[in-house]
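Colleague: Positions 0 to 358 (numbering that gives the first Met the number 0) are the ones given, in order, by the sequence shown.
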Amino acid sequence: MESLQFLYEIPHKNPLFIDRKISIQSKKVVLDGPRKSGKTSLILDHLSHYELKEYLYLDWADERIDKSEIIEHLNDFIRRHSIRLLIVENFDFSFELPRVEETIISTSTSTCKPLQGFETLTLYPLDFEEFLAFDKKHSNVEHLFNLFTDQGTFPYLIQQSESEHAKLTQEMLHIVLRDPLEYVIYKRFCELQGSKVSLFQIYNYLKSMTKISKDKLYALATHLIDQKLLFLVEKYRQPNANKKVYLIDFTFKDALSFKKDFLKRFENMVFLELIKRDKIIYYEEGIEFYLPEESLAILCAGFSTTQAIEARLQKLLPSFWALHVKRVEVVTLSSESAQDIEGLSFSIIPFWEWALQLS
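As structure tokens, then:
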């Protein structure tokens, strides 16, 4: 009881909170998303609407707490203090939650046990529009895009120098990926950002460096995907083909390797804007992203000229027709135009404009 009383009396404030696109509105919420994506800040901002005595905040990852004691006394404590809102961060679903008017739990896994009556919200790190809100010093959107490219999407890491950013990214990943083997596997995926690979290829590479079984690799890769740290995109209607590798932050590769590939980083950047809007995404040969539900193809053209882009589009016309594509969006770093070619609508648009008009 003493530890519950101690936790109950701690005030929780977040005076520097900057609004995110997601907010807590329901009375029963499971908040999932990668670690360090801002879940705690979102919860603390929500608590600003409550009096201190109305809520109990628990962090299940806090090593100071006696979990068995809390589980034993939690129901009685809530009744005795007429607690309106219970928050359990880093909940592991190891015990039944007490009946409270409002409950918020957070988790870093997306395959958590379903809870009846709870709304699930996923909080990713910042998208480009949210990043703009975090930078109050600059107003030129192209300059802000350059900062975004260097600093990435984690609120924890933005506004750091390049050398400090790499160091802090490595430290963060060691905290998040506590299993040394999982870290090695993720580092390899980071090195393959934007590439087409199979898990068997990863296995063959790693087995010469460390002791690992196929089953262990598959289990840890599944865990990385479950934590939304890793995304493996399928080829359309070919689930057994090699998958394309994307990361939860496009700067991770540069933080873990001196081998840079800006176009792959840019492709990952475009992917994240889509996945943060719950798009169902595939790839096709010559087409970075295909969204069948929207009959939409998205190409990443980087610094390509308008003439080079138009030549590429002409070559891809048979693929667009075969996929029943109606719209093509070409995301660039400079070029801009729009036209219709043989019944298809094409738009060429810089990333900063494209990302801000996404729905």
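Glycine included, each C-beta is placed from N, C-alpha and C at the ideal position. Quick caveat: nothing in here was measured; it's all calculated off a predicted structure.
From the DSSP output, which residues share a beta bridge with E283?
Modeller: Stepping through the sequence shown from its first residue, residue 283 is reached at position 284. Partner(s): I286.
Colleague: Locate the beta strand (DSSP E) running through S162, then write down its first and last residues.
Modeller: The residue given as residue 162 occupies position 163 in the sequence shown. Premise fails: S162 lies in the alpha helix (DSSP H), E161 to V175, not in any beta strand (DSSP E).
Colleague: Compute the beta-carbon to beta-carbon distance between L228 and Y185, rounded to the nearest angstrom, for a pair I have assumed lies under 8 angstroms.
Modeller: As a working mapping, residue 228 is identified with position 229 in the sequence shown. As a working mapping, residue 185 is identified with position 186 in the sequence shown. About 7 angstroms separates the two Cβ atoms, so the contact holds.
Colleague: Does the Cβ-Cβ distance between A300 and I308 come in under 8 angstroms?
Modeller: What you label residue 300 is simply residue 301 of the sequence shown in a count that begins at 1. What you label residue 308 is simply residue 309 of the sequence shown in a count that begins at 1. Taking 8 angstroms as the Cβ cut-off, A300 and I308 qualify as a contacting pair.
Colleague: Mind pulling the alpha helix (DSSP H) runs of 4 or more residues that sit fully within the stretch 191 to 224?
Modeller: Taking only runs of at least 4 residues, the alpha helix (DSSP H) segments lying wholly in the stretch 191 to 224 are 198 to 205.
Colleague: Looking at the unbroken alpha helix (DSSP H) that takes in F76, where does it start and where does it end?
Modeller: Indexing the sequence shown from 1 puts residue 76 at position 77. Start and end: K66 to R79.
Colleague: Any chance you could list the beta strand (DSSP E) runs of at least 3 consecutive residues sitting entirely within the stretch 229 to 300, in chain order?
Modeller: Within the stretch 229 to 300, the complete beta strand (DSSP E) runs of at least 3 residues are 229 to 232, 242 to 246, 281 to 283 and 286 to 290.
Colleague: What separation, rounded to the nearest whole angstrom, lies between the Cα atoms of R83 and V99?
Modeller: In the sequence shown, residue 83 corresponds to position 84, counting from 1. In the sequence shown, residue 99 corresponds to position 100, counting from 1. Approximately 6 angstroms, taken between the alpha carbons.
Colleague: Of the choices P124, A337 and V244, whose alpha-carbon is the least far from that of W353?
Modeller: Looking up residue 353 in the sequence shown gives position 354. It is A337.
Colleague: Got a sec? Which residues, its chain only, sit under 8 angstroms from I77 by beta carbon, not counting five neighbours each side?
Modeller: Along the sequence shown, read from residue 1 onward, the residue named residue 77 stands at position 78. Result list for I77: L55, L85, P97 and V99, in chain order.
Colleague: Could you check how far apart the C-beta atoms of A132 and I17 are, in whole angstroms? I think they sit under 8 angstroms.
Modeller: On the sequence shown, residue 132 is found 133 positions in, with the first residue counted as 1. On the sequence shown, residue 17 is found 18 positions in, with the first residue counted as 1. Going by Cβ atoms, the distance from A132 to I17 rounds to 5 angstroms, so yes, they are a contact pair.
Colleague: Going by DSSP in three states, S105 sits in which element: helix, strand or coil?
Modeller: Here residue 105 corresponds to residue number 106 of the sequence shown, with the count starting at 1. Residue state, collapsed to three classes: strand.
Colleague: So, do the stretch 206 to 221 and the stretch 246 to 258 have three or more beta carbon pairs nearer to each other than 8 angstroms?
Modeller: No, the stretch 206 to 221 does not touch the stretch 246 to 258.
Colleague: Measure the beta-carbon distance from L271 to I279 and round it to whole angstroms, keeping in mind my assumption that it falls under 8 angstroms.
Modeller: For the purposes of this step, residue 271 is identified with residue 272 of the sequence shown, where counting begins at 1. For the purposes of this step, residue 279 is identified with residue 280 of the sequence shown, where counting begins at 1. The Cβ separation is near 15 angstroms, so there is no contact.
Colleague: With DSSP as the reference, please indicate the residues paired to I157 in a beta bridge.
Modeller: Locating residue 157 in the sequence shown gives position 158, counting from the first residue. According to DSSP, I157 bridges with nothing at all.
Colleague: Considering only residues of the same chain and omitting the five flanking positions on each side of V269, which have a CB-CB separation below 6 angstroms?
Modeller: Taking the sequence shown and counting its residues from 1, one reaches residue 269 at position 270. Answer for V269: C299 and V330, listed in chain order.
Colleague: Taking a contact to mean a Cβ-Cβ separation below 8 angstroms, would you say P124 touches F153 in this structure?
Modeller: Here the question's residue 124 lines up with position 125 in the sequence shown. Here the question's residue 153 lines up with position 154 in the sequence shown. Cβ atoms of P124 and F153: closer than 8 angstroms.
Colleague: Determine contact between the stretch 107 to 123 and the stretch 60 to 80, defined as no fewer than three beta-carbon pairs at a distance below 8 angstroms.
Modeller: No: the two stretches stay apart, fewer than three of their Cβ pairs being nearer than 8 angstroms.
Colleague: Can you name the residues that DSSP bridges to I86?
Modeller: Position 87 of the sequence shown, counting from 1, holds the residue named residue 86. Paired residue(s): Y56 and I103.
Colleague: Three Cβ pairs or more, each shorter than 8 angstroms: is that satisfied between the stretch 19 to 33 and the stretch 116 to 123?
Modeller: The answer is yes - the stretch 116 to 123 touches the stretch 19 to 33, with three or more Cβ pairs under 8 angstroms.
Colleague: What residue range does the beta strand (DSSP E) around V324 cover?
Modeller: Translated into positions along the sequence shown, residue 324 becomes position 325. No beta strand (DSSP E) holds V324; DSSP gives it neither H nor E.
Colleague: According to DSSP, is I42 part of a helix, a strand, or is it coil?
Modeller: On the sequence shown, residue 42 is found 43 positions in, with the first residue counted as 1. Three-state DSSP puts I42 in a helix.
Colleague: Kindly say whether P154, judged by its beta-carbon, lies nearer than 8 angstroms to any beta-carbon of chain E.
Modeller: Absent here is chain E; the protein component of the structure consists of one chain.
Colleague: Mind reading off the beta-carbon distance from G285 to K243? Whole number of angstroms is fine, and I expect it under 8 angstroms.
Modeller: Looking up residue 285 in the sequence shown gives position 286. Looking up residue 243 in the sequence shown gives position 244. With 8 angstroms as the limit, G285 and K243 do not qualify as a contact, their Cβ atoms being about 13 angstroms apart.
Colleague: Looking at the structure shown, is Q4 part of a helix, part of a strand, or coil, going by DSSP?
Modeller: Stepping through the sequence shown from its first residue, residue 4 is reached at position 5. It is helical.
Colleague: Under the rule that 16 or more other beta-carbon atoms within 10 Å means buried, what is F127, buried or exposed?
Modeller: Reading the sequence shown from its first residue, position 128 is the one you call residue 127. Looking at its Cβ environment, which holds 16 or more other Cβ atoms inside 10 Å, F127 is buried.
Colleague: Would you decide whether R264 is buried or exposed? Buried here means 16 or more other CB atoms lie within 10 Å of its CB.
Modeller: In the sequence shown, the residue the question calls residue 264 occupies position 265. By the neighbour-count rule (16 or more Cβ atoms within 10 Å), R264 is buried.
Colleague: How many angstroms separate the CA atom of Y155 from the CA atom of I104?
Modeller: Looking up residue 155 in the sequence shown gives position 156. Looking up residue 104 in the sequence shown gives position 105. So the alpha carbons of these two residues sit roughly 21 angstroms apart.
Colleague: CB-CB under 6 angstroms to M0, same chain, minus the five flanking residues each way: which ones, in chain order?
Modeller: Position 1 of the sequence shown, counting from 1, holds the residue named residue 0. For M0, where only same-chain residues beyond five positions count, the Cβ hits under 6 angstroms are H72.
Colleague: I'd like the list of long-range same chain contacts for E335, defined as Cβ closer than 8 angstroms, with 5 residues on each side in sequence excluded.
Modeller: Start at 1 with the first residue of the sequence shown, and residue 335 comes out as number 336. Here the set comprises I347, I348, P349 and E352.
Colleague: Between L216, E53, K275 and F90, which lies nearest to T39 when the distance is taken from Cα to Cα?
Modeller: One-based indexing of the sequence shown puts residue 39 at position 40. Taking only the C-alpha atoms, the option nearest T39 is F90.
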